[in-house]
Each structure stands twice: as structure tokens, then as C-alpha cells.
Amino acid sequence: MSRSSNQKLKLLYLMKILLERTDQNHTMTVAQMIEALSHYGISAERKSIYDDLEALRIYGLDLVCRRSKTHDYFVASRTFELPELKLLVDAVQASRFITLKKSEELIKKLESLSSVYEARSLQRQVYVGGRIKNMNESIYYNIDQIHTAISANYQISFRYFDWTIGKKKKYRHDGKIYRVSPYALTWDNDFYYLIAYDASVGFLKHYRVDRMNRITSTGEPRQGQECFAKCDVAAYTNKIFDMFSGEEMNVTLEFAGHLIGVVFDRFGRDITVVPQEEGRFRIAVQVAVSPTFLGWLMQFGTQVRVISPEKVARQAGLWAREIAQMYGEE
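Under our numbering, the first residue of the sequence shown carries the number 29, and numbering increases by one thereafter.
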């Protein structure tokens, strides 16, 4: 780009410099602005800078001049204030459905909405118990495809998979192509779910979006509008699991093989899975042993067993007996 072409972009580069390098705690003098512009191959005089600053104010940039021995300028407010950006960064980092790679990309974009100085305070780590980042990079685009189909009133097709003990994808029904009418996306317990009408059975079903693959809009109109109109989405998605504090222990658990997906959802796919006889498998995990943890185990009945420590196995057995006695069973 020639020097004369750069001169035509002076106002844009000046705004870029002010947005990137100034905030309430960091200001720039006109001399510093002239120096910064020179790095873009742009020469400027003091008078032209004052004219440019006035033009930027008229445009809507919230410029403030702080007068002391010098005239110091800074951008006082932006589209997003720093506390708002911190909230958004925290939400991205804590979101289980967003992959680590996509989280980093989104946070970089959020940082560009602040000064370089404020951006440093956005580079923080949010620690949220039990949040295992999704490994399915396509989920980010799956959500967009589903939203587009809903807006266009089109059906979608896709393949649906589960995880095997060997950490491989296994498509349901031998890779059958699912065809449904999408109506709502819900974010429940850190996972995105699609609520859709399945014309083959005549009622609504839900699907984990990160388990959906090759989503395609069919171009055919959606079906089941009346069925969805009767649906209470809040009640439909009321599936919350939480783990309260308790004594932290390394617990060995044995599960039926078909529960491998549930285990990956709870503890992530980096855990060591040890295959056992009859298709079962064992894992060893560090957990806070609490009534909520034991309650989580109870939902699987005889499909899960505590192997060790013996103390936790006894607790689980006692819980099971107490529940049986409450219903008049020995």
C-alpha cells in the first residue's frame, strides 16, 4: 500500500489506535498519536489530529480529554464495559459444549473489544467443578445449522452416535439417517439438546447436539407444529444433576457397558477405562462422596457397583436397603 493510500486511512487508523491503546487508566497525547500513526506510514500534524479527534467525537466515539500539564485523550466507554466482557469470558470458559479450541478463539475476539491493557485482565482461568470441555469441534456449527433450519421452517437430517468403551463413535441403527422437524434448542446441564418432532413415531424427541453428525437441511417444510405447541419445554428439559461437597476419595466403580456414554459425560473421556467380563468396565475417579453422589449412583440400580473403598460400598448398600425398606421391601 502506498504512502498516499495510507494517508486516506488516517482517521480509521487513529480510531484503531485509540480503541486499542487507551482506557480510563491509559491515555495518549497528540504527540503520541502522531508517533503511533507513523508506524502505519502515515504522517500527521497537530492541527489535523485535533480535527480528526473532533470528527471521531461527532461519529460517536466517546473521547475524553484529561487536562493537566498536557492534554491526554482516552476512550471512556465502549459497546461492552470491562465487567460485561469478563462475564462473557467466564461464560465461554465454563461452557461445557464449547471446545477448548473454540473457547480460545472466542475469547481472543472478546479481547479485541477492549484496550490491550484491559484485555490482560480477561486472560483468566475460570475453574468450575466437573466441567469437561466437549471434544466435538463441529458442535459450534451444528447449532448454527439447526437455528438456520428452524428459522427457515425446514426439516433436517443427521446421523446420531454413542461412544464405545474404546472411545470410538458408534452410529445408532447402523448409521441410519434421522429425519426430524427441529423446533427448539435448549441448554441443560451444560449440554445443548435439540427438541424435534419425529413424524415416524408421531411425537417429540430430544437429541444431544454434540452427538449429531452431518446435519443437513432437507428443504422440506417442518411437521408437528401442533404437537410442539403443547410442549412445556422447561419441564421437558428438567434434568439437573449436581454434586455437593463431601469427603474426597478415589472411588473405583464398575458399570454395565451401555453406560459408557453417561460416564464420559460425567467424568470426561481422559479417564482410564478397564474392560471387565460380560461387557462391563471399571473406572477409578476422585469424587466428593456425598448424598448427591450416592443418589447419582442409585439411578443406575444394578447397572453400577462400588468396588472400593469398602466404606463407600457400605454406604451405597445402606442407602439401597433404606430405600427398599421405605417401600416395604426387605
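The beta-carbon is built from N, C-alpha and C at its ideal position, and this holds for glycine as well. Quick caveat: nothing in here was measured; it's all calculated off a predicted structure.
Asked, Found
"Given tryptophan 324 as reference, the closest of Leu47, Arg294, Gly247 once Cα atoms are compared", "Arg294"
"From Phe231, Leu46, Lys38, residue whose alpha carbon lies closest to that of serine 71", "Lys38"
"DSSP bridge partner residues for lysine 233 (one or two, in chain order)", "Ala224"
"Residue range of the beta strand (DSSP E) that includes aspartate 190", "182-191"
"Through-space distance from histidine 286 to leucine 346, alpha-carbon basis", "26 Å"
"Contact under 9 Å by Cβ, lysine 195 with valine 315", "no"
"Cβ separation of tyrosine 68 and asparagine 34, assumed to be a contact under 8 Å, to the nearest whole Å", "6 Å"
"Stretch pair the region 213-227 + the region 118-125: three plus CB contacts closer than 8 Å", "yes"
"Reduced DSSP secondary structure (H/G/I, E/B, other) of glutamate 67", "Glutamate is not the amino acid found at residue 67; the sequence shown has histidine there. Three-state result, histidine 67: coil."
"Enclosing beta strand (DSSP E) for proline 249 [first to last residue]", "240-249"
"Option nearest valine 103 by Cα separation, candidates Ala284, His54, Asp172", "His54"
"Cross-strand partners of arginine 94 (DSSP beta bridge)", "Asp100"
"Cβ neighbour criterion (16 or more within 10 Å) applied to asparagine 181", "exposed"
"Rounded C-alpha distance that separates valine 250 from alanine 224", "Per the sequence shown, the amino acid found at residue 250 is arginine instead of valine. If you take the alpha carbons of arginine 250 and alanine 224, they lie about 10 Å apart."
"Cβ neighbour criterion (16 or more within 10 Å) applied to glycine 186", "First, the amino acid is wrong: residue 186 is phenylalanine here, not glycine. Phenylalanine 186 comes out buried."
"Proline 210 beta carbon less than 9 Å from that of isoleucine 174", "yes"
"Cβ-Cβ distance between leucine 110 and serine 149 below 9 Å", "yes"
"Three-way DSSP call (helix, strand, coil) for asparagine 278 in this model", "strand"
"Cα-Cα separation, leucine 47 to lysine 130", "25 Å"
"Selection from Thr50, Arg85, Val120, Ala212 that minimises the alpha carbon distance to valine 144", "Thr50"
"Those residues which DSSP pairs with leucine 213 across a bridge", "Leu222"
"Reduced DSSP category for proline 303 - H, G, I as helix; E, B as strand; rest coil", "strand"
"Start and end residues, alpha helix (DSSP H) containing serine 131", "128-139"
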